[in-house]
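One structure below.
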Amino acid sequence: MKILVCISSVPDTTSKINFTADKSAFDKNGIQWVINPLDEFALTKAIKLQESQGATVTVINVGDTATEPVIRKALAIGANDGVRVNLDPKDSYSTAKEIAAVAQNGGYDLILCGKESIDYNGGSVPGMVAQLLNQPFVNASVGLDVNGNEATAVREIEGGKETISVKLPAVIAGQKGLVDEKDLIIPNMRGIMSARTKPLQVVEPTSSEVKVQGVSYDSVPPRAAVKLVAADNLDELVRLLHEEAKVI
Amino acid sequence: MAVFVYAENINGVYKKAAFEAVSYAKAVADQAGDTVTAITVNPTDSSDLLYKYGASNVINIKDEGLKNFSAKAYAQAVSEVANGNVIVFPHTTDASSIAPMLAIMNGSSLITNVLEAPESLSPFQVKRKAFSGKGFMHAKSEGAAVILTVSQNAFGVKENTVSGSEEVKNLSVANEDTKVISHEQSSGKLDLKEAEIVVSAGRGLKGPENWGMIEELANVLGAATACSKPVSDIGWRPHNEHVGQTGKAISPNLYIAVGISGAIQHLAGVNSSKTIVVINSDAEAPFFKSADYGVVGDAFQIIPALTEKIKALKG
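Line order of the protein sequences matches chains A and B.
Letter by letter, the first sequence follows residues 1 to 248 in the numbering used here.
Letter by letter, the second sequence follows residues 249 to 563 in the numbering used here.
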C-alpha cells in the first residue's frame, strides 16, 4: 500500500501572530516552524499503517526551501521519502492543485491530511485534492482502519460519530483522535540521522493559478481590562452578565 | 447576482447554522439587489423556516441515495441545482466537506470561515478568521463565482421573513464510494459549536469526578460543556469537548472558563467569544488578561454558589 501524507509548515502553536507594518502579510520574523499539528496526527497514522501493513509513506509539502526542515522532521518520524513542490503557496486551490498533480502519477492508495492548517485555517485542501482526483473524501476523521482496498473511517459529526466504509483510493482528512496525542512520534537520534539520507524530491509547480488572495490582515483587538468580582459577591457577577453583557 | 445557500439539516431537521447561513445569504442578496435560493436535501422540516430568514425559493432535493452523507455525492447534488454567483454554506463539518469539492466542480473560488457581510461584491471581498482566531484576513476572490462557508455564531441568526415558494427536485446521484456503517448521535446534548453559552473547565478541577458541578452550571444556563487540551489528553473528558487551536474553535456569546490558565493555544480557540468569564484560584493566571469578567477564588465554592444564583435569576 502506498500512502501520501500532505504536510504543511506552520508557526509553532505558541507563536504570537503579527502582521507586517502595512498589514499586507503575515510577519514571519522570529517564528518557529512546525509540522501542522493536525497533519501530525495523519502522519502518525500513516506510520502505524507502515508498521502494521508494510505501507510506504511519502510526505508532500508545497513550499519553498524554507519548509524543508519540516519535511526532514517527517522523514525522521518515519516517512520513507518526501516530495517538495517548489512553490510558495498563495491559496488552498494552488496548493491542492500541486498535490493532486503529484498524486495523479504516484498511484497512491490513500492520501492522508490534517483537516485544516492552523495558520490560514482554509480547511479546503483535502476536499479539493479529492475532487481533483475524483476520489471519495472523508473529513474530520477520528479513526481509521485499512483492509485491502477498503478503509473504515470514523468521522466526527456535530454531536456524534459516524463510521463509514470507503473504497480506496480515497482522501481522508484527520484530526485529534485519529491517533492518541500520546502516540505522536518524537523523532529519536536514529530517525534524525536516517532522515538526512532519505530521498527528498523537489518538483516544479504545474501552474501558478490563484483563486483567492489575502488582501490585508488585522490582529485581534485587545479586550478592555478585566472586571474582577470578589468571590463572595457573585450577585454582582450575575448582575453584570445579565444587565451589562446581556448574555444570561 | 443570484445567491444560493445550503441549508443543512440533521435527520431532516434544520440546524441553527442553516438559519445563520440563510441570514448571511439574505444580507449578500440585499447588497446585490437579488434574492436567496436555499438548497436542502431530504428535509422533514417545513420550508417556512427558511422563508423566515430570507430565502425566497427553496429547492428541496429528494434523493434516497443521499440518505447517508457523502461529501462527494452531496457536492454533486448541490452543483446540479446551484447556478448562482454566490453559494453560502455554514462552516459545519458536513458543509465544509462539501464546499471544497463543489468549488472544484464549479470552478469557483472558495473562502472559508467568513465572519462578516462582504466588504465588496465586485471583486468579492470579505473578512475571514485566520491563524486559529489570532488574526483576521481580508480575502478577495479572483473569479466571478464564489463559495463561502460562514463561521458559526459569527454573523448571527437574523429573522427577515419573505414570502417564498418551494420546488421539489428528484435527483438520483450516484453514491457508491462510501457507505455509512453506523451513526451515533448523542441525544439531548447541545452542540458545542452552535451553543450560545459554553461552560469549560481545565486541570484546576483536579479530576473527572468533579465535572458534575460544571454540567450542572451548564444545565442551568442551557449551555454546552467544553474542556482544555490537557484535560482531554489525560482522558478526563472526550476529545470532542476540547476547545483550542488543535481542538474546536468556538464563538459563543458567553464563555465561562473554570480552572483554565489560558495558554495561547487555548485562547486561539475561544477568543472570538463575545463575553469571557474566567474563574481561577491563581490571580496570576494569564487568562484574566483576555477576560471581560474574572473571579479569583476556589472553583469548588464558586461554581455551586453561582449555579444557585443563576437558578434564582431564571426563577
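A virtual CB, placed ideally from N, CA and C, is assigned to each residue, including glycine.
Bear in mind that the values here come from a model prediction, so they are computed numbers and not experimental data.
The count of Cβ pairs closer than 8 Å, one atom from the segment 344 to 354 of chain B and one from the segment 123 to 143 of chain A, reaches three, so the stretches are in contact. Among the residues facing chain B, Ala55/A is not included, as its CB has no counterpart in that chain under 8 Å away.
Residues of chain A with a Cβ closer than 8 Å to the Cβ of His386/B are, in chain order, Gly214, Val215, Ser216, Tyr217 and Asp218. In the DSSP assignment, Met385/B forms a beta bridge with Tyr217/A and Arg376/B.
The beta carbon of Asp119/A sits closer than 7 Å to the beta carbons of Val10 and Pro11 from its chain, once the five residues preceding and following it are set aside; these are given in chain order. At least one CB of chain B lies nearer than 8 Å to the CB of Asp235/A. Chain order gives no chain A residues near Asn259/B, where near means a beta carbon separation below 9 Å; the closest approach is about 11 Å.
It is roughly 6 Å from the alpha-carbon of Gly383/B to the alpha-carbon of Asp218/A.
Close to chain A, meaning a Cβ-Cβ distance shorter than 7 Å, are the following residues of the segment 356 to 375 of chain B: Ser357, Leu358, Ile359, Thr360, Asn361 and Gln373.
Ranking Leu502/B, Lys522/B and Ala255/B by CA distance to the CA of Ala466/B puts Leu502/B first. Residues of the segment 159 to 185 of chain A that bring their beta carbon within less than 9 Å of a beta carbon in chain B comprise Gly159, Gly160, Lys161, Glu162, Thr163, Ile164, Ser165, Val166, Lys167, Ala170, Ala173, Gln175, Lys176, Gly177, Asp180, Glu181 and Lys182, in sequence order. Inclusion of Tyr272/B and Phe403/B in the CB contact set at 8 Å is warranted, their separation being smaller than that value. The Cβ-Cβ distance between Val428/B and Gly313/B does not fall below 8 Å. Every alpha helix (DSSP H) stretch that sits fully inside the segment 9 to 86 of chain A and reaches 4 residues is listed by chain position as 37 to 53 and 68 to 77. At least one CB atom of chain A sits nearer than 8 Å to the CB of Gly495/B. The segment 483 to 500 of chain B and the segment 169 to 189 of chain A touch, with no fewer than 3 CB-CB distances between them shorter than 8 Å. Within chain A, Gln135, Pro136, Val166, Lys167 and Ala170 have C-beta atoms less than 8 Å from the C-beta of Asp425/B, given in sequence order. Ala151/A counts as buried, since at least 16 other C-beta atoms from the protein chains shown sit within 10 angstroms of its C-beta.
Listed along the chain, the chain A residues whose CB falls inside 7 Å of the CB of Thr340/B are Glu158.
Within 10 angstroms of the beta-carbon of Lys441/B lie 16 or more other beta-carbons, which makes it buried.
If only uninterrupted beta strand (DSSP E) runs of at least 3 residues are considered, those enclosed by the segment 449 to 484 of chain B are 472 to 475. Neighbours of Ser327/B in chain A, taken as residues at a C-beta separation under 9 Å, are lacking, since the least C-beta distance is about 10 Å. Ala170/A is bridged by DSSP to Leu110/A. One Cα belongs to Ser318/B, the other to Asn361/B, and the distance between them is close to 21 Å.
For the set Val506/B, Gly455/B, Ala560/B and Lys320/B, the Cα lying nearest the Cα of Asp481/B is the one of Gly455/B. Here Lys16/A is exposed, its C-beta having fewer than 16 other C-beta atoms within 10 Å. Taking C-beta atoms as the reference points, Val491/B and Ala547/B fail to come closer than 8 Å. Interface annotation, Asn408/B: not in contact with chain A, CB-CB separation never under 8 Å.
Thr20/A and Val70/A have their C-alpha atoms roughly 24 Å apart. In this model, Lys48/A and Cys113/A are separated by some 15 Å (Cα to Cα). Note on the segment 260 to 319 of chain B: whole beta strand (DSSP E) runs with a minimum of 3 residues are 284 to 289 and 303 to 310, in chain order. Within the same chain, Pro366, Glu367, His386, Ala387, Lys388 and Ser389 come within 8 Å of Gln373/B by CB-CB distance, once the 5 residues on both sides are set aside. Per DSSP, Asn401/B has no beta bridge partner at all. Taking a 10 Å sphere around the C-beta of Asp540/B, we find 16 or more other C-beta atoms and assign the residue as buried. In the DSSP assignment, Asp235/A falls outside any beta strand (DSSP E) and within the unbroken alpha helix (DSSP H) covering Leu234 to Arg239. If you compare the alpha carbons of Asn290/B, Val479/B, Val398/B and His514/B with that of Asn458/B, the shortest gap goes to Val479/B.
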